[in-house]
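Asks: Numbering (the numbering used here) for the sequence shown: 5 to 89.
First the structure, which I've put down as structure tokens, then a few questions once you've had a look.
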Amino acid sequence: MPEGHKIEKTLVKTIVVLIRNTTWRCGKLEKSIVKHLHKKRENLGKKDVYVKDIMQNLNFTGEKKNEFLDALKRLEKRNIVRLLP
């Protein structure tokens with residue numbers, strides 16, 4: 005199994021936690037992720053959401069899946085979300 009494929013599989017099983025609800029200097033994809041996490045937290049009171057659930061709700065498949073995972077890494081780098089294994 006290629007190394008990139010293993011990393012992708014583990015990222016799909018991780019939990020995303022929203023730390024700060026800010027989208028300053030974020031792209032369209034990052035804004036949609038933060039907006040989705042904020043709605044989940046506001047409506048259901050859940051602080052954490054699985055990456056797989058976000059991908060299903062926002063309809064990310066194929067090429068967009070890789071862009072989505074890159075966007076999550078960028079959000080984590082900016083301390084907007086936290087990825088928990």
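Cβ coordinates follow ideal geometry from the N, Cα and C atoms, glycine included.
Since the structure is predicted, the reported quantities are computational estimates derived from the model, not experimental observations.
Quick one: what's got a C-beta closer than 6 Å to T27's C-beta in the same chain, skipping five residues either side?
Replies: Numbered from 1 along the sequence shown, position 23 holds the residue referred to as residue 27. Excluding sequence neighbours, T27 sits near K35 and V38.
Asks: Quickly, what does DSSP pair D74 with across the bridge? List them, please.
Replies: Taking the sequence shown and counting its residues from 1, one reaches residue 74 at position 70. Answer is none; D74 lacks a bridge partner.
Asks: Can you give the Cα-Cα distance for T65 and L48, rounded to whole angstroms?
Replies: Here residue 65 corresponds to residue number 61 of the sequence shown, with the count starting at 1. Here residue 48 corresponds to residue number 44 of the sequence shown, with the count starting at 1. Straight-line Cα distance between these residues: approximately 26 Å.
Asks: Determine the direct distance from the alpha carbon of L33 to that of P89, and round the result to whole angstroms.
Replies: Counted from its first residue, the sequence shown places residue 89 at position 85. Counted from its first residue, the sequence shown places residue 33 at position 29. Cα-Cα distance, rounded: 22 Å.
Asks: Check for me: the beta strand (DSSP E) holding L88 runs from which residue to which?
Replies: For the purposes of this step, residue 88 is taken as the residue at position 84 of the sequence shown. Note, L88: beta strand (DSSP E), V85 to L88.
Asks: Can you name, in chain order, every residue of its own chain whose Cβ lies under 7 Å from the Cβ of R78, other than the five neighbours on each side?
Replies: Within the sequence shown, residue 78 is the residue found at index 74, counting from 1. For R78, where only same-chain residues beyond five positions count, the Cβ hits under 7 Å are E34.
Asks: Where DSSP assigns a beta bridge to I19, which residues make up the other side?
Replies: The residue you call residue 19 lines up with position 15 of the sequence shown. I19 is bridged to Y54 and L88.
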